[in-house]
Each structure stands twice: as C-alpha cells, then as structure tokens.
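Worksheet for the structure shown next.
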C-alpha cells in the first residue's frame, strides 16, 4: 500500500470519529432527563404558588388589621366627642314630683345623653357603654325619646341579633373626675347624676391589654372633659 494511502485512510477515520462525536453531543435530551426537568419545574411552580399565596394572605391580613385600627380610632374620637357634648337631661318618675339628672356611671358601665349624634342630626341621643370582662365593650346609641331611657335600651338590646363588641382584646374601666368638698379634683369609680345632682368634670376610659392581646398592644386611655358646668343644681 502506498504510504499516502495510509495517511488518507487515517484522516478519513479521524473525520468520521469527530462526526460521530458531534452527533452524540447534539442528539438532545433523553426521556429521563425531560421527566426530571418537568418534575423540577413542577416543584418550583408549587413553591412559587405557595409563596405567593402566603404573601397574599399576609397582605390581606395586614389590610384588615389596618382597617380595624382606623375604625377603632374613629370610634374613640366619636366617644370623646359624645362625652364632651353631654347635656343636662332631666327625667321625672311617675311616683315622684322632682326631676332627676340623667347620668349614670360605674366602673364598667356608662349612660348619658349627648348632643352628638352619629347621624349628624339635631336631636339628642342616648349613649350607653357597657364593658364586658376582658372582652372590650358594647355600645348602643339611641334617640333620647321622652320616658324611661333604660327601658328603651333594654328593648333595643333584646332586638339585637348579635351585639357588636369593640376592642375585644382589652379590659375596659371607666373613671370620673369630680371635685371634693375642699375643692380638690378627685377620680371616682362611680358617678350618679340622680344622687349628686351634677355632672362630673370629665370621663376617662382606660384600656388594658389582656392575655388575648398581641405583644404589640399596649394600654392606653381616652379622656374627655364635659363641656357644661359640673354643678347644674
């Protein structure tokens, strides 16, 4: 065989080997590799969807919490204004000739008549705040019709399907600012307009977090003066 022929044969074989290598390198994915890729993509998509769902839930929860805090802040402002607008409202029992001053306050309950109305009308309104043990308070606002306001309140509460409770994670207590005989200011845990025949100088509503409160919740208080003079005899 001619020497050149041997070299040519070697060159042809080398080219064929490289061609086969290129074919092997460019033949694409096997079925197993494709299944593995699809499985990994499915796992990744599941993780992404779960993460997005959690983010959406957290965002929704934060939005609801923010809305609740705004509503509660507006409610406290309305309460403050209603106490500030307390009026001298007298009522007479059928068996008695004298008229009693309507303002009844204890540590967990307060009833008063105010010029402030949620409907922004010019009529007087009867406000009743009732604090429950470690479960916030219930609030009723009714028109101050002539007659027994407490009977009107009982009827309204009996007709309520499910009373609204505000500040559920707080314990509520009420305190009343008055003046002693020595003309010194003092806080009282009870105040009866019927017995004292006068209104307090102001009312403080104390909020203390309970075991159900979150760690970020802190105690606070709302205080409002009463616009009219304390002595209304």
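In the working numbering, the protein residues as written are 172 to 404. Cβ coordinates follow ideal geometry from the N, Cα and C atoms, glycine included.
- The alpha carbon of residue 285 has as its nearest neighbour, out of 223, 305, 277, 311, the alpha carbon of 311.
- DSSP lists no bridge partner for residue 397.
- Residue 205 and residue 238 have their C-alpha atoms some 49 Å from each other.
- Residue state for residue 202 is assigned as helix, using DSSP reduced to three classes.
- DSSP places residue 320 in no beta strand (DSSP E) but in the uninterrupted alpha helix (DSSP H) bounded by 320 to 330.
- Three or more Cβ pairs closer than 8 Å define a contact, and the stretch 348 to 357 falls short of that threshold against the stretch 320 to 338.
- For the 8 Å CB-CB criterion, residue 278 and residue 348 do not form a contact.
- Counting of Cβ neighbours within 10 angstroms places residue 338 among the buried residues, the total reaching 16 or more.
- Just measuring C-alpha positions, the residue of 296, 293, 316, 343 sitting nearest residue 309 is 343.
- One Cα belongs to residue 243, the other to residue 394, and the distance between them is close to 15 Å.
- Inter-residue distance for residue 390 and residue 247 is about 14 Å (C-alpha atoms, whole angstroms).
- Residue burial is scored here from C-beta neighbours: residue 282 has at least 16 other C-beta atoms within 10 angstroms and is therefore classed as buried.
- Taking a 10 Å sphere around the C-beta of residue 332, we find fewer than 16 other C-beta atoms and assign the residue as exposed.
- When 340, 251, 360 are compared, the shortest CA-CA separation from residue 304 is found for 340.
- Among the bridge pairs identified by DSSP, residue 373 is matched with 348, 396.
- About 21 Å separates the beta carbon of residue 255 from that of residue 368, a gap too long to meet the 8 Å contact definition.
- Only buried fits residue 371, as 16 or more other CB atoms lie within 10 angstroms of its CB.
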